[in-house]
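Residues -3 to 120 (this note's numbering) are what the sequence shown spells out, left to right.
Beta carbons: idealized from backbone N, C-alpha and C, even for Gly.
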Amino acid sequence: MQASSEPLDKNLAAMIPCNRDPDLRRNLRAAILEKVVFTESHLRSLYAQLNALAPVSLLPTELLARIFRLLRDSRDYDKEARLPLSVAVTHVCCHWREVALSDSSLWSAIRNSAPRSLQPEMAH
């Protein structure tokens, strides 16, 4: 069954709550899940295109990696952050993830990244 951008047939959608046929319900569920996967994939593609138009996307990869290293080493980065900077930047967009993961210097040192509020507990 091929997913499309068309909504489920209204007659089929109306049958979902009242139909007790397990095979029909299983098939309807599979069709809906297929549409969900298709829609999520389409949204990811649209967000990637939108991100590619952001001004920061014009920075050369080497410069973006250098910025990540400078931020990692600066005192301005929030040491109470839940994620180390090298991990946090991988969650921004696909391009930043690729840049951060390809820069081994961001991953060459293990740091105690637990917030200070937890560090006394970790000492025990």
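With a Cβ-Cβ cutoff of 7 Å, do residue i and residue j count as a contact?
i	j	result
Arg68	Leu60	no
Val83	Phe64	no
Cys14	Asn47	no
Which residues in the same chain as residue i place their Cβ atom closer than 6 Å to its Cβ, once the five residues preceding and following it in sequence are excluded?
i	result
Thr57	Val95
Arg25	none
Could you work out which residue in the options is closest to residue i when comparing CA atoms only?
i	options	result
His87	Ser100, Ala44 and Ser104	Ala44
Leu102	Ala77, Arg62, Arg16 and His91	Arg62
Val52	Arg40, Leu66, His91 and Ala77	His91
Starting from the C-beta of residue i, find all residues in its chain whose C-beta is less than 8 Å away, skip the five residues before and the five after it, and write them out in chain order.
i	result
Leu29	none
Asp99	Ala61, Phe64 and Arg65
Once the 5 residues before and after residue i are set aside, which same chain residues still bring their CB inside 7 Å of it?
i	result
Ala77	Ala84
Could you tell me which whole alpha helix (DSSP H) segments of length 4 or greater appear in the stretch 47 to 87? Runs of alpha helix (DSSP H) with 4 or more residues, each lying fully within the stretch 47 to 87, are found at 57 to 69 and 81 to 84, listed in chain order.
Quick one: which unbroken alpha helix (DSSP H) runs of 4-plus residues sit fully inside the stretch 12 to 47? Chain order, please. Listed in chain order, there is nothing to give.
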